[in-house]
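At position 473 of the sequence shown (counting the first as 1) the number is 473 in UniProt numbering, and the numbers step up by one without a gap. All residues carry an ideal CB built from backbone N, CA and C; glycine is no exception. A short write-up of the structure that comes next.
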Amino acid sequence: MDMRFRQVHLDFHTSEQLEHIGERFDKKQFQQALKTGHVDSVTVFSKCQHGWSYHPTKVNQMHPHLQFDLLGEELKACREIGVNAPVYLCAGLDEKEAVRHPEWLVRNRDESCSWTGNFTGDAGVHLLCFNTGYLELLLDQIGEVMQNYSPDALFLDIASVHPCYCAACRNDMINKGKDPRDGQAAMEQAEEVFQKYAQRVRETVRRYSSTCEIFHNAGHLIRGRRDLAAYNTHLELESLPTGGWGYDHFPMSASYVANLGMDYLGMTGKFHTTWGEFGGFKHPNALRYETALCLALGAKCSVGDQLHPSGEMDMATYELLGKAYGEVEEKEPWCRDARNCYDIGILGDEAVNCRVSDKSVRSFADIGANRIMLEGHYLYRFIDLEEEFHSYKLLILPDTIRLDDKLAKRLADYLNGGGKLLMSGQSGLEKERECFALDFDTVYRGENPYKPDYMIPGFALSTGGSAHVMYERGYLIEPGPSAKVFAGRQNPYFNRDLLHYSSHQHTPNDDRVTLPAAVLDGNIAYIG
1 MDMRFRQVHL DFHTSEQLEH IGERFDKKQF QQALKTGHVD SVTVFSKCQH
51 GWSYHPTKVN QMHPHLQFDL LGEELKACRE IGVNAPVYLC AGLDEKEAVR
101 HPEWLVRNRD ESCSWTGNFT GDAGVHLLCF NTGYLELLLD QIGEVMQNYS
151 PDALFLDIAS VHPCYCAACR NDMINKGKDP RDGQAAMEQA EEVFQKYAQR
201 VRETVRRYSS TCEIFHNAGH LIRGRRDLAA YNTHLELESL PTGGWGYDHF
251 PMSASYVANL GMDYLGMTGK FHTTWGEFGG FKHPNALRYE TALCLALGAK
301 CSVGDQLHPS GEMDMATYEL LGKAYGEVEE KEPWCRDARN CYDIGILGDE
351 AVNCRVSDKS VRSFADIGAN RIMLEGHYLY RFIDLEEEFH SYKLLILPDT
401 IRLDDKLAKR LADYLNGGGK LLMSGQSGLE KERECFALDF DTVYRGENPY
451 KPDYMIPGFA LSTGGSAHVM YERGYLIEPG PSAKVFAGRQ NPYFNRDLLH
501 YSSHQHTPND DRVTLPAAVL DGNIAYIG
């Protein structure tokens, strides 16, 4: 299926405590909303996170207050006007089954639940484990949708590698001779469980269709995990900038996946905040910016919405959306089959050190590099260790990229071939020793004991030669004869402490001594 440029992801997570479900659904009104919004694809729903189906079913339960085949009517409405309609199933959440089958729940190490910690505190849903009987039920639900509706694509939500300490996972680890108290063993178990889930889903779908597309949504694609990307036929990069992901997230993700050989889209939302917000509206200019950013980064566009339980589309939302998607539609002929060009590759923290960038754990080294590239209007992308380095004029290693022998040799070959390297912080140091791993005429002297310190650029800035405060800890270096210093460092008179402090925040710079902070030696530059 050709990926469309102007998509909507239409949520419908609807409690059994709500009545009159879908009673105001009208095919013509549904179609008119899509036309008003210039929408050419809308993801519609089979099963929500509460666990209810929105169509007749023999393997699940239809929402108790729905009286007709809502999914079927939506699919008919879309096909009549040439709009694609992937089908959504919530894979990882099914609150109905979480209540009925507590043995199917994902358990944290302390036996608490995931997503919502228990059943007596905050309201919310609870994550289910694919290593339990729930997987067979889910596969039956997927098979039923494939058999009855022949969708062109499936969107399987809340599906990721997630360590679990439920009885099934615990016993699996013990039976394999592993200690469930070992975090690495739990992660290996989680990888195996997800792999089995993804393979079983693919087998189920392929029994009915050789072309149906499949996407497993985890909310973030980990840079460096091409194996996880390969379980999908395409990629949908969920990234609501006001919903927890921030404005840094999408450019990093899109610039990474651009070279994986898969179609991809950027998924934002119409919400002022995040998913599940009724009556919230993003400013049209924000949507215009976010969809334009998708096009600039080689992605198609998707905007999240949630249908009211009545089934009536909110026309204000689609009028808002039309302001952005009308512009996207005009630009499509120039964006179709386009590929971005890149001069700079960022070999970042997440891709090398397997740090997961989610809402609570972020690689600030990657974020900083990304912002510098965006603000400077450079042609760049994030890369991983499987990338061919010689494709780039410059490689950037931000802050945390220590080198083992293999990576050091690859970088040396890249430099010998004319490539250029920019390193900062601990990047470029040997994996196990406090010294640079490359042929670089500078000695590393460790962390600066002063924090903050001040950088004095050796090149023209609008601030002249003023000292600029550096809030993160710097690193001391001793350049050799062939290294050129292009920025200096001044320390404060003293660190702020109970026994000595000055003014409101931190001690000013002592300009009597300037040390080297940034150096260039041949094709290697380093910022400490």
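- Rounded to the nearest angstrom, the Cβ distance from residue 70 to residue 22 is 5 angstroms, consistent with a contact under 8 angstroms.
- The UniProt domain "Beta-galactosidase trimerisation" (382–433) is shown to contain whole alpha helix (DSSP H) runs of 4 or more residues at 405–416, in chain order.
- Non-local C-beta neighbours of residue 59 in its own chain, meaning closer than 6 angstroms and more than five positions away in sequence, comprise 140, 141 and 144, ordered along the chain.
- Under the DSSP assignment, residue 199 falls in the alpha helix (DSSP H) whose first and last residues are 183–206.
- The secondary-structure analysis by DSSP pairs residue 128 across a beta bridge with 105.
- In the DSSP annotation of this structure, the continuous segment of the beta strand (DSSP E) that includes residue 479 starts and ends at 475–479.
- In the pairwise beta carbon analysis, the segment 3–13 is classified as touching the segment 318–337: at least three pairs are separated by under 8 angstroms.
- Minimum Cα-Cα distance from residue 271 among the listed residues 120, 251 and 302 corresponds to 302.
- If you draw a straight line from the Cα of residue 395 to the Cα of residue 292, it is about 27 angstroms long.
- Relative to the Cα of residue 101, the nearest Cα in the group 464, 126 and 120 belongs to 126.
- DSSP, reduced to helix, strand and coil, places residue 21 within a strand of the structure shown.
- Rounded to the nearest whole angstrom, the C-alpha separation of residue 135 and residue 253 is 29 angstroms.
- Across the set 242, 138, 105 and 169, the C-alpha of 138 shows the shortest separation from the C-alpha of residue 198.
- DSSP places residue 43 in the strand class (E or B) of the three-state scheme.
- In the DSSP secondary-structure assignment, residue 487 is bridged to 457 and 518.
- Taking a C-beta distance under 7 angstroms as the contact criterion, residue 41 and residue 84 qualify as a contact pair.
- Inter-residue distance for residue 251 and residue 177 is about 42 angstroms (C-alpha atoms, whole angstroms).
- In the three-state DSSP reduction, residue 49 falls in the coil class, being neither helix nor strand.
- Counting every other CB atom within 10 Å of its CB across the protein chains shown gives residue 406 a total below 16, marking it as exposed.
- C-alpha of residue 434 to C-alpha of residue 260: approximately 35 angstroms in a straight line.
- By the neighbour-count criterion, in which 16 or more other beta carbons inside 10 Å mark a residue as buried, residue 511 falls on the exposed side.
- Rounded to the nearest angstrom, the Cβ distance from residue 448 to residue 475 is 6 angstroms, consistent with a contact under 8 angstroms.
- Taking 7 angstroms as the cut-off, the Cβ atoms of residue 187 and residue 163 count as close.
- In this structure residue 509 is buried. Its beta-carbon is surrounded by 16 or more other beta-carbon atoms within 10 angstroms.
- The beta-carbon distance between residue 385 and residue 351, rounded to whole angstroms, is 7 angstroms. This is short enough to meet the 8 angstroms contact definition.
- Out of 342, 430, 310 and 275, the CA that lies nearest to the CA of residue 19 is found in 310.
- Beta bridge pairing from DSSP links residue 443 with 478.
- Sixteen is the threshold: when 16 or more other Cβ atoms of the shown chains lie within 10 Å of the Cβ of residue 399, as they do, the residue is buried.
- When the five nearest sequence neighbours on each side are left out, the beta carbons in the same chain lying within less than 7 angstroms of the beta carbon of residue 277 are those of 271, in order along the chain.
- Residue 53 has its alpha-carbon roughly 11 angstroms from the corresponding atom of residue 65.
- By the neighbour-count criterion, in which 16 or more other beta carbons inside 10 Å mark a residue as buried, residue 268 falls on the buried side.
- Taking the CA atoms as reference points, residue 124 sits about 8 angstroms from residue 115.
- Contact check between the segment 210–226 and the segment 316–331: fewer than three CB pairs, one atom from each, fall below 8 angstroms, which does not count as touching.
- In this structure, the alpha-carbon of residue 471 lies about 21 angstroms from that of residue 374.
- Here residue 260 carries a coil assignment [DSSP, helix/strand/coil].
- With 16 or more other Cβ atoms inside 10 Å of its own Cβ, residue 438 counts as buried.
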